[in-house]
Amino acid sequence: MALDQSFVGRTYPSTAPYEVGREKIREFAEAVGETNPAYVDREAARQLGHSDVIAPPTFVFAITFKAAGVVVHDPDLGLDYSRVVHGDQRFAYTRPVRAGDRLTISSTIEGIKSLAGNDIIDVRGEVHDEAGEHVVTAWTKLVSRAAEEA
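When we follow numbering that gives the first Met the number 0, the leftmost residue of the sequence shown carries the number 0, and every step to the right adds one.
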């Protein structure tokens, strides 16, 4: 059954603040094979003009995808998460994420469409710091695969 188009434009409440830790950044950089010293060495980051280590660009996926859980698990939307696969991801940064940032994310459903029996939902996550300044926008495309015919 196709998802309800009336959900397009719905914005969910912001998450509780997530404090970005230096060690989390290091672990993430290591896991994805990033070798830029600004991701692990505070002095290297400072030489580039940052107050602390910065996170690789895809680091925010972990927190924006978790924040999108309010969309995915909204019982009124009716998305069957057991059929969902990650379709796409993109980011638009105002500034890098830094260790010590306290970030909140608000998720908005930007689009819903059906294609070949699959439901495709586009979720935009707006990430702001503790001062309310925009840090990054993340777009996540989720595909809920069509149920197989019996």
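Don't be surprised by glycine CBs; every beta carbon is placed ideally from N, CA and C. The structure displayed is predicted, hence computed values, not measured ones.
Sequence-distant residues of the same chain with beta carbon closer than 7 Å to residue i, five excluded per side
i: isoleucine 24; result: Tyr38, Val52, Ala54, Phe58 and Ala98
i: arginine 89; result: Trp138
i: serine 50; result: Arg97
i: phenylalanine 6; result: Leu76, Ile108 and Ile111
C-alpha distance - residue i paired with residue j, whole-angstrom precision
i: isoleucine 79; j: alanine 115; result: As written in the sequence, residue 79 is aspartate, which differs from the isoleucine given in the question. Near 16 Å, if we compare the C-alpha coordinates of alanine 115 and aspartate 79.
i: isoleucine 119; j: aspartate 128; result: 29 Å
i: glutamate 29; j: arginine 45; result: 20 Å
i: alanine 130; j: aspartate 40; result: 25 Å
i: alanine 43; j: alanine 146; result: 51 Å
i: proline 16; j: glutamate 132; result: 13 Å
i: aspartate 73; j: tyrosine 11; result: 10 Å
i: glycine 20; j: aspartate 3; result: 38 Å
i: glycine 48; j: alanine 91; result: 20 Å
i: proline 95; j: valine 122; result: 21 Å
Close-in-space but distant-in-sequence residues of the same chain around residue i (CB under 6 Å, 5 per side omitted)
i: alanine 66; result: Thr14, Ile104, Ser106 and Gly124
i: glutamate 33; result: Pro55
i: arginine 9; result: Ile108
i: threonine 63; result: Ile104, Gly124 and Ala137
i: proline 36; result: Ala43
i: asparagine 117; result: Val142, Arg144 and Ala145
Closest residue to residue i among the options (Cα-Cα distance)
i: valine 126; options: Ser113, Leu141 and Thr136; result: Thr136
i: arginine 144; options: Val96, Ser113, Asp87 and Asp121; result: Ser113
i: histidine 85; options: Arg101, Pro95, Gly68 and Asp100; result: Gly68
i: alanine 1; options: Leu141, Gly77, Leu102 and Val31; result: Gly77
i: serine 81; options: Val19, Val142 and Asp87; result: Val142
Own chain residues within Cβ distance below 8 Å of residue i, not counting five before or after
i: alanine 61; result: Phe27
i: threonine 93; result: Glu132, His133, Val134 and Val135
i: valine 83; result: Val71, Leu141, Val142, Ser143 and Arg144
i: valine 31; result: Pro55 and Thr57
i: aspartate 87; result: Trp138, Thr139 and Lys140
Whole-angstrom C-beta distance between residue j and residue i, which should lie under 8 Å
i: glutamate 18; j: arginine 101; result: 5 Å
Ordered list of alpha helix (DSSP H) runs contained in the segment 22-106, each at least 4 residues | 41-46, 60-66 and 68-71
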